[in-house]
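Asker: Residue numbers (our numbering): 3 to 93.
From the three backbone atoms N, C-alpha and C, an ideal C-beta is built for every residue, glycine too.
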Amino acid sequence: MNILNLGGLGTGGQDSERATGPAVCSRKGCRAGADWQLLWNNPRIHTPERRKVWLSCDEHRGWLEEYLQTRGLWKETIPFLADDATVGEAR
Ligand SMILES: [Zn+2]
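#1: Under the assumption that W65 contacts W42 (Cβ atoms under 8 Å), give the Cβ distance between them as a whole number of angstroms.
#2: Please report how far the alpha carbon of I47 lies from the alpha carbon of G74, in whole angstroms.
#3: For R52, count neighbouring C-beta atoms within 10 Å of its own C-beta (all shown protein chains included) and say buried if the count is 16 or more, exposed if not.
#4: Is DSSP giving E68 helix, strand or coil here?
#5: Buried or exposed for Q39, please, with buried defined as at least 16 other CB atoms from any protein chain shown within 10 angstroms of its CB.
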């Protein structure tokens with residue numbers, strides 16, 4: 003059995019939920035380091051206390067906030083502290 007021979011695209015990449023490397027902006031194509039974390043919740047698929055987190059650089063903070071706000075998903079924007087590397091369950 004050869005389960006390694008899937009796809010064959012040769013990228014060697016893995017689809018992992020876990021982010022690797024430094025925390026960077028969530029905006030597509032942006033590689034800037036994160037300065038902010040945007041907390042949001044989609045009431046259609048998340049329980050009310052659940053918080054999803056998008057990381058954002060200074061430049062894209064407004065863009066991402068507006069994106070979430072127009073969909074009624076935005077909750078809060080708080081500074082992202084590199085020291086406090088725990089993302090996900092931040093209150
Ligand atoms: Zn950015």
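Answerer: On the basis of the coordinates in this document:
#1: Numbered from 1 along the sequence shown, position 63 holds the residue referred to as residue 65. Numbered from 1 along the sequence shown, position 40 holds the residue referred to as residue 42. In fact, because the Cβ distance is near 14 Å, the residues do not count as touching under 8 Å.
#2: Locating residue 47 in the sequence shown gives position 45, counting from the first residue. Locating residue 74 in the sequence shown gives position 72, counting from the first residue. Roughly 13 Å separates the two Cα atoms.
#3: One-based indexing of the sequence shown puts residue 52 at position 50. By the 10 Å Cβ count, R52 comes out exposed.
#4: To locate residue 68, count along the sequence shown from 1; it is residue 66. E68 falls in the helix class under three-state DSSP.
#5: As a working mapping, residue 39 is identified with position 37 in the sequence shown. When all chains shown are included, Q39 counts as buried.
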